[in-house]
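Chemist: Residue numbers (the working numbering): 674 to 749.
Quick reminder that beta carbons are idealized off the backbone N, C-alpha and C, glycines included.
None of the values given here were measured: they were computed from a predicted structure.
Provided herewith is a single structure, encoded as structure tokens, for subsequent inquiry.
Now the structure itself:
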């Protein structure tokens with residue numbers, strides 16, 4: 674996976690140091706299990722948009738993770 678991250682970053686003009694792989698994978702896991710599997714990549718994209726607009730990545734991911742947990746609890 675590291676090779677893919679390096680290649681994708683190079684293609685998009687990003688530094689690999691900008692990628693918090695574990696944060697993104699944890700978010701995707703929590704959303705996939707709490708909401709729906711197809712929601713995971715969409716949520717990762719939304720996180721990227723929010724970070725691109727200046728939101729701190731960890732804060733935004735924590736907020737969405739909490740939202741996914743609440744969604745799972747209330748939609749069952």
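Does residue 714 come out as helix, strand or coil in the three-state DSSP assignment?
Modeler: Here residue 714 refers to the residue found at position 41 of the chain shown. Residue state, collapsed to three classes: helix.
Chemist: Should residue 722 go down as buried or exposed, given a rule of 16 or more other Cβ atoms within 10 Å for buried?
Modeler: Stepping through the chain shown from its first residue, residue 722 is reached at position 49. It is exposed - the Cβ of residue 722 has fewer than 16 other Cβ atoms within 10 Å.
Chemist: Distance, Cα to Cα, residue 682 vs residue 745?
Modeler: Position 9 of the chain shown, counted from the first residue, corresponds to residue 682. Position 72 of the chain shown, counted from the first residue, corresponds to residue 745. Taking the straight line from one Cα to the other gives about 33 Å.
Chemist: Apart from the five residues on each side of it in sequence, which residues of its chain come closer than 7 Å, Cβ to Cβ, to residue 679?
Modeler: Taking the chain shown and counting its residues from 1, one reaches residue 679 at position 6. Same-chain partners within the cutoff: 689.
Chemist: Would you mind sorting residue 698 into buried or exposed? The rule is 16 or more other CB atoms within 10 Å of its CB.
Modeler: Your numbering for residue 698 matches position 25 in the chain shown. That one is exposed.
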